[in-house]
Amino acid sequence: LAAGTISMTQAALFLLSLGLIGLFVLVQLPHIAIYVGFAATPLVVLYPLAKRVTWFPQFVLGLTFSWGVLLGWAAVTSNLPPFPIILIYAGSVFWVFGYDTIYAIQDMEDDRTIGVKSSALAFGSRIRLGTGAVYAIALGLIATGLFLLQYNGLPPVKIGWAGLAGMAINLGMQIYRIRIDNKELALNLFKSNRNAGLFLVAGLMLDRLFTG
């Protein structure tokens, strides 16, 4: 829209198509999962506005993006998420906060010009410390949630710890390499979070396959 390559009508039709696809998926889920899905609506509305009122809109993005943790549990079990899953959700929130802060390095100049806030601008020269702290919190919350799952009737995590370790190494390398004055590097580090997530997911999937 900003570049003028599509019209408002085209954008509206595309948005309507995505909404209908999402609705089709949603109505296939258990009722409790539908309620959990709709509960995310205020966050979806708030995120675009958060950049105007807080230096940490990335946190609101984390709350929104990570909602799939809660929705996924509700969809599979037809129950509300227990405390360990909420901890894993919170860990995902901080992970998104961290990697979107790295992404925001690319937009710092434009954000200053138009008066939009971001955690990259808030951290400034301390971005390595800030993002490192956020990632550490994320890993701690996810680890605690995985550990506590065994007290909710699930088998103890075993191979999953290797996946979390791989994720931790990936995040650590991001913090080691991060530079506030290198947009291309920031984009590459942001993209590397795909691998961080794959490490964790692979470990957890292998856990379920081989340990039940």
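Quick note on the numbering used here: the sequence shown kicks off at 3 and runs consecutively. The beta-carbon is built from N, C-alpha and C at its ideal position, and this holds for glycine as well.
Minimum Cα-Cα distance from Gly162 among the listed residues Gly174, Ile171, Ala145 and Gln176 corresponds to Ala145.
Straight through space, the alpha carbons of Met207 and Tyr153 are spaced by roughly 19 Å.
By the beta-carbon neighbour count (other beta carbons within 10 angstroms, threshold 16), Gln30 is exposed. The DSSP-derived three-state label of Thr56 is coil. For Leu48, the closest of Leu65, Pro32 and Leu191 by C-alpha to C-alpha distance is Leu65. Where Gly70 is concerned, the enclosing alpha helix (DSSP H) starts and stops at Trp69 to Thr79. The beta carbon of Gln176 sits closer than 6 Å to the beta carbons of Leu191 from its chain, once the five residues preceding and following it are set aside; these are given in chain order. Secondary structure remark: continuous beta strand (DSSP E) runs of at least 3 residues inside the region 98–141: none found. Counting only the Cα atoms, Ile104 lies some 11 Å from Phe125. With respect to the 7 Å criterion, Leu63 and Asp102 are classified as neighbours on the basis of their beta carbons. Using a Cβ-Cβ distance cut-off of 8 Å, the region 26–44 and the region 75–90 are in contact, since at least three pairs of beta carbons, one from each stretch, lie closer than that value. For the 7 Å CB-CB criterion, Arg181 and Leu187 form a contact. Scanning its chain for C-beta atoms nearer than 8 Å, with the 5 sequence neighbours on each side dropped, one finds around Ala170 the residues Leu141, in chain order.
Here DSSP, grouped into helix, strand and coil, assigns Leu31 to coil. In this structure Leu148 touches Val159 by the C-beta definition: roughly 5 Å separates them, less than 8 Å. Ala14 and Leu211 have their alpha carbons spaced roughly 43 Å apart. One thing to note: Val46 has its Cβ no nearer than 7 Å to the Cβ of Ser68. Rounded to the nearest whole angstrom, the C-alpha separation of Val118 and Arg130 is 21 Å.
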